[in-house]
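Here the structure comes first, spelled out in structure tokens, and everything after it is commentary.
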Amino acid sequence: MLVAAVGSTGFAASLSIFILVSLFAGILLCLLLISRKPQNSNSLLFMTPGLPFVPAVAVMVNFYLILKLNILTLVRFTFWMIIGLTLYFKYGIKNSTLEVQDDQAVELTVHSSPTESINRFKPPPSSGHR
């Protein structure tokens, strides 16, 4: 609806502008609430400047650029994304090892003392004759 109403006038255009302004106001409100949350006082080696506002502005700019694309480009993008995601999930489900029951079980052994496991790797003492 928003993509179709970008170039039109009348009720559809005013509704799309209202929806965009409402979404933008909601995002700003969420960002303000996030920025007021207590932060960790430890100093870090790297800090992102303007967090969370710089990433939010980047998302809004990219959303604006997507709305300015040709409708045929958006249809092609949607088509190829559906194909790509379908292949991705089919491959992942087919080759997943989460549900596979292997007959080869991994056996872990616990030694009674650390010196026992160290002594196990020492070479046997030489008997004196060669």
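Residue numbers for the sequence shown follow the UniProt record's numbering, beginning at 1 and rising by one.
All residues carry an ideal CB built from backbone N, CA and C; glycine is no exception.
Determine the direct distance from the alpha carbon of Ile66 to that of Ser35, and round the result to whole angstroms.
27 Å
Leaving aside the five residues before and after Met1 along the sequence, list all residues of the same chain whose C-beta is less than 6 Å from its C-beta, in chain order.
The predicted model places Met1 with a pLDDT of 49, which falls under 50 and marks its position as unreliable; any figure quoted below should be read in that light. Excluding its 5 nearest sequence neighbours in each direction, Met1 has no C-beta neighbour in its own chain below 6 Å.
Which residues bound the alpha helix (DSSP H) around Met47?
Unbroken run through Met47: none, as it is neither H nor E.
Kindly confirm or deny that the stretch 23–40 and the stretch 54–71 touch, where touching means at least three C-beta pairs closer than 8 Å.
yes
Alpha carbon to alpha carbon, how far is Ala13 from Phe53?
28 Å
So for Ser16, helix, strand or coil by DSSP?
helix
To the nearest angstrom, how far is the alpha carbon of Leu32 from that of Lys94?
43 Å
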